């Protein structure tokens with residue numbers, strides 16, 4: 019149970035967290051903080067927030083838990099503004115999609131509060147964004163990964179674990195490096211592929227007509243290309259090395275397909291598609 | 019209204035067509051033909067077929083309309099077996115995902131029946147296959163493209179158009195070349211990207227763990243990688259040139275992303291993602 023929770027950056031992720039915790043009676047008061055007052059007011063109207071402040075240091079004052087739900091590129095300055103206002107015992111966590119850059123920002127800004135900082139990442143989302151996009155069941159049966167450091171306070175880890183469990187999430191712990199590698203493969207690379215496909219097709223001269231013939235598969239495939247561009251810009255910059263190496267490997271995979279087509283090699287194509295189908299079908303059961 | 023329809027290859031596409039036409043009272047008798055008797059028997063049990071034959075020339079005898087729903091690689095031999103059994107007035111159509119190769123096969127095998135052959139392609143499907151996967155609403159509000167030749171009998175085009183309209187499809191006509199170009203972009207390329215992604219990730223040593231963290235976006239993105247490998251092998255071989263050139267263009271798009279990451283260029287990344295999001299959102303309204 020959390021008496022006072024402050025969420026900095028009240029978009030899809032932050033508002034869904036607030037709604038889930040309120041629905042479970044796991045939080046008494048939720049304070050929001052952000053740059054756009056209209057959006058925070060909307061949060062109060064929607065029952066996501068109890069109150070709000072536009073000043074980070076004011077918003078975190080007296081909070082038991084602070085959740086940073088701003089884009090990765092805004093973490094450093096937000097943490098710096100926050101540090102002065104934090105109580106000694108306030109637990110801080112974040113929801114960033116890459117963790118190495120966040121830990122670096124925290125070490126550079128949080129000072130003695132660093133041991134109460136628990137880096138986190140709920141593996142959930144939709145292509146929609148903003149406070150109106152939030153819903154209480156977003157985290158139900160989804161994973162949340164925590165990547166505590168060796169010196170992270172175990173009680174702070176417990177507080178953050180219990181908070182995410184209250185939303186219905188399955189909480190796991192792993193190293194920062196492992197998290198960033200796994201997420202580059204399962205989320206960051208697929209998003210780059212979808213953005214690139216839409217971008218490629220939109221450059222073809224007959225674009226409108228081309229999109230008119232897009233069937234269900236194409237629509238599913240490119241749905242994630244409607245995701246927030248600021249968030250994805252920041253993820254690319256924060257997890258660039260892992261992503262670059264995956265893109266290079268992926269291009270080799272495409273070369274393998276192209277070569278089989280050029281060689282007119284039915285067996286190579288069949289095996290590639292059969293194995294991928296088999297792997298994808300196993301994923302259904304996970 | 020069709021008195022006697024023969025469907026050669028009773029999988030997802032063929033059985034959905036039969037179910038839709040029966041539901042609309044647009045067909046009296048549906049004869050199935052295929053290589054696997056158990057599957058044809060299943061078709062009779064499910065009410066998809068009225069009867070069946072394992073011999074192509076027998077199955078098409080007396081049919082008013084014959085629909086070829088076999089993989090592209092089986093078109094040539096199926097058409098050759100069929101040619102002898104066709105009545106002079108039987109209208110023939112197909113559902114192949116690439117059209118140049120089918121027209122070539124038809125010109126090589128159908129002889130004087132060529133003018134009654136209307137190449138067609140319903141832009142619909144799921145990643146499932148087989149007669150059990152069929153459902154009557156598959157074509158509802160979807161496009162079916164016909165690519166008749168200059169010498170195609172207009173009455174044959176009318177028969178095929180009315181058949182697809184009876185399933186709820188929106189029927190359009192275009193040239194073979196244009197069809198193959200548009201489909202390479204909106205369907206064949208995305209499928210290659212999805213197969214390649216699954217293949218790439220499955221080669222990473224920690225594959226099982228990686229797939230365990232795959233969220234909704236990844237699942238949607240790779241759903242189409244569970245599609246029929248025989249069908250996709252044949253599409254690659256039949257529409258290889260268009261596909262090769264799209265894959266090359268797509269790799270340049272990925273290079274553009276990689277370069278922006280390497281240059282640590284937030285503006286280039288933001289613009290790319292913003293434009294793709296904008297394009298993808300327009301697609302929602304189509």
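Protein chains in written order, with my numbering: chain H, 19 to 304; chain G, 19 to 304.
A virtual CB, placed ideally from N, CA and C, is assigned to each residue, including glycine.
Source: prediction; values computed, not measured.
ask   = What residue from H:160, H:175, H:212 and H:201 has the CA that sits closest to residue 185 of chain H's CA?
value = If you number the first chain from 1, residue 185 of chain H lands on position 167. Residue 185 of chain H has its Cα closest to that of H:160, out of H:160, H:175, H:212 and H:201.
ask   = Is residue 168 of chain H buried or exposed, if buried means 16 or more other CB atoms sit within 10 Å of its CB?
value = Residue 168 of chain H sits at position 150 when you count from the first residue of the first chain. Flag for residue 168 of chain H reads exposed.
ask   = Which term fits residue 93 of chain H, buried or exposed, when burial requires 16 or more other beta carbons within 10 angstroms of its beta carbon?
value = Reading the first chain from its first residue, position 75 is the one you call residue 93 of chain H. Answer is buried; the Cβ neighbour count reaches 16.
ask   = Would you call the CB atoms of residue 251 of chain H and residue 272 of chain G closer than 7 Å?
value = Start at 1 with the first residue of the first chain, and residue 251 of chain H comes out as number 233. Start at 1 with the first residue of the second chain, and residue 272 of chain G comes out as number 254. Their beta carbons are not under 7 Å apart, which means residue 251 of chain H does not touch residue 272 of chain G by this criterion.
ask   = Does the distance from the C-beta atom of residue 157 of chain G to that of residue 204 of chain H stay below 7 Å?
value = Here the question's residue 157 of chain G lines up with position 139 in the second chain. Here the question's residue 204 of chain H lines up with position 186 in the first chain. No, these two residues do not count as a Cβ contact at 7 Å.
inquiry  = The beta strand (DSSP E) that contains residue 50 of chain H, what's its start and end?
reply    = Reading the first chain from its first residue, position 32 is the one you call residue 50 of chain H. Counting along the chain, the beta strand (DSSP E) containing residue 50 of chain H begins and ends at 45-51.
query = So what's residue 216 of chain G in DSSP terms, helix, strand or just coil?
reply = On the second chain, residue 216 of chain G is found 198 positions in, with the first residue counted as 1. Residue 216 of chain G falls in the helix class under three-state DSSP.
key: Nearest candidate by alpha-carbon position, reference residue 256 of chain H, set H:117, H:56, H:112 and H:73   = For this step, residue 256 of chain H is matched to residue 238 along the first chain. Ranking H:117, H:56, H:112 and H:73 by Cα distance to residue 256 of chain H puts H:117 first.
request  = Under 8 Å between beta-carbons, which chain G residues line up against residue 220 of chain H? List them in chain order, please.
outcome  = Start at 1 with the first residue of the first chain, and residue 220 of chain H comes out as number 202. The answer, in chain order, is 293, 294 and 297.
task = Could you tell me how far apart the beta carbons of residue 33 of chain H and residue 61 of chain H are, in whole angstroms, since I believe they sit closer than 8 Å?
result = Indexing the first chain from 1 puts residue 33 of chain H at position 15. Indexing the first chain from 1 puts residue 61 of chain H at position 43. Confirmed, about 6 Å.
key: Whole-angstrom distance between residue 46 of chain H and residue 181 of chain H, CA atom to CA atom   = As a working note, residue 181 of chain H is residue 163 in the first chain. As a working note, residue 46 of chain H is residue 28 in the first chain. Distance between the alpha carbons of residue 181 of chain H and residue 46 of chain H: 13 Å.
ask   = Between the region 60-78 of chain G and the region 95-108 of chain G, do three or more beta carbon pairs fall short of 8 Å?
value = yes
Spatial distance of residue 19 of chain G from residue 179 of chain G (CA atoms) = Taking the first residue of the second chain as 1, we reach residue 19 of chain G at position 1. Taking the first residue of the second chain as 1, we reach residue 179 of chain G at position 161. Using only the alpha carbons, I get a separation of about 12 Å.
request  = To the nearest angstrom, report how far apart residue 133 of chain G and residue 276 of chain G are at their CA atoms.
outcome  = Position 115 of the second chain, counted from the first residue, corresponds to residue 133 of chain G. Position 258 of the second chain, counted from the first residue, corresponds to residue 276 of chain G. Cα to Cα, residue 133 of chain G sits roughly 51 Å from residue 276 of chain G.
Residue 129 of chain G, buried or exposed, once every other Cβ within 10 Å from all chains shown has been counted against 16 = Counting from 1 along the second chain, the entry for residue 129 of chain G is found at position 111. Classification of residue 129 of chain G: exposed, given that the 10 Å Cβ count is below 16.
query = By Cβ distance below 7 Å, which residues in the same chain neighbour residue 125 of chain H in space, the five residues on each side in sequence not counted?
reply = In the first chain, counting from the first residue as 1, residue 125 of chain H sits at position 107. Counting only Cβ-Cβ distances below 7 Å, and skipping sequence neighbours, we find 132.
query = Expressed to the nearest angstrom, what Euclidean distance is found between the alpha-carbon atoms of residue 38 of chain G and residue 25 of chain G?
reply = Counting from one through the second chain, the residue named residue 38 of chain G turns up at place 20. Counting from one through the second chain, the residue named residue 25 of chain G turns up at place 7. Those two C-alpha atoms are separated by around 13 Å.
request  = Quick one: measure Cβ to Cβ for residue 242 of chain G and residue 239 of chain H, integer angstroms, because I've assumed they're closer than 8 Å.
outcome  = Here residue 242 of chain G refers to the residue found at position 224 of the second chain. Here residue 239 of chain H refers to the residue found at position 221 of the first chain. Yes, residue 242 of chain G and residue 239 of chain H are in contact; Cβ-Cβ is about 6 Å, under 8 Å.
key: the region 119-147 of chain H: positions lying closer than 8 Å to chain G by Cβ   = 141, 142, 143, 144 and 145
key: Residues, ordered as in the chain, of the region 228-243 of chain H that lie near chain G by beta-carbon distance below 9 Å   = 228, 229, 230, 231, 232, 233, 234, 235, 236, 237, 238, 239, 240, 241, 242 and 243
key: Contact under 7 Å by Cβ, residue 136 of chain G with residue 166 of chain G   = Here residue 136 of chain G is taken as the residue at index 118 of the second chain, counted from 1. Here residue 166 of chain G is taken as the residue at index 148 of the second chain, counted from 1. Contact flag set, yes.
query = Quick one: what does DSSP say residue 140 of chain H is sitting in, helix, strand or coil?
reply = Start at 1 with the first residue of the first chain, and residue 140 of chain H comes out as number 122. Looking at residue 140 of chain H - three-state DSSP - the assignment turns out to be strand.
message = List, from N- to C-terminal side, the alpha helix (DSSP H) runs of 4 residues or more that fit wholly inside the region 91-176 of chain H.
response = 93-101 and 118-127
ask   = Which same chain residues, not among the five before or five after residue 253 of chain H, have their C-beta less than 7 Å away from its C-beta?
value = As a first step, residue 253 of chain H must be located in the first chain, where it is residue number 235. Only 90, 115, 116 and 206 meet the Cβ criterion.
Host alpha helix (DSSP H) of residue 272 of chain H (start-end) = Locating residue 272 of chain H in the first chain gives position 254, counting from the first residue. Residue 272 of chain H -> alpha helix (DSSP H) spans 258-280.
message = For residue 109 of chain H and residue 150 of chain H, I'd like the C-alpha separation in whole angstroms.
response = Taking the first chain and counting its residues from 1, one reaches residue 109 of chain H at position 91. Taking the first chain and counting its residues from 1, one reaches residue 150 of chain H at position 132. Near 27 Å, if we compare the C-alpha coordinates of residue 150 of chain H and residue 109 of chain H.
task = Determine which residues of the region 167-198 of chain G have a Cβ less than 7 Å from any Cβ of chain H, and write them out in chain order.
result = none
request  = Kindly list the residues whose CB is nearer than 6 Å to the CB of residue 217 of chain H, restricted to its own chain and excluding five residues on each side of it in sequence; keep chain order.
outcome  = Numbered from 1 along the first chain, position 199 holds the residue referred to as residue 217 of chain H. Excluding sequence neighbours, residue 217 of chain H sits near nothing in its chain.
ask   = Distance, Cα to Cα, residue 274 of chain G vs residue 295 of chain H?
value = The residue you call residue 274 of chain G lines up with position 256 of the second chain. The residue you call residue 295 of chain H lines up with position 277 of the first chain. Straight-line Cα distance between these residues: approximately 29 Å.
inquiry  = Is it buried or exposed, residue 65 of chain G, if we count other Cβ atoms within 10 angstroms and call 16 or more buried?
reply    = Here residue 65 of chain G refers to the residue found at position 47 when the second chain is read from its first residue. Burial call: exposed.
query = Taking the DSSP output, what are the residues bridged to residue 35 of chain G?
reply = Taking the first residue of the second chain as position 1, residue 35 of chain G is located at position 17. Residue 35 of chain G is not bridged to any residue.
Within chain H, the residues that residue 204 of chain G reaches when beta carbons sit closer than 8 Å = Residue mapping note: residue 204 of chain G aligns to position 186 of the second chain, counting from 1. The contacting residues are 219, 228, 229, 231, 232, 233 and 236.
Chain-ordered neighbours of residue 271 of chain H on chain G, where CB pairs are closer than 7 Å = Mapped onto the first chain, residue 271 of chain H falls at position 253. In chain order: 214, 217 and 218.
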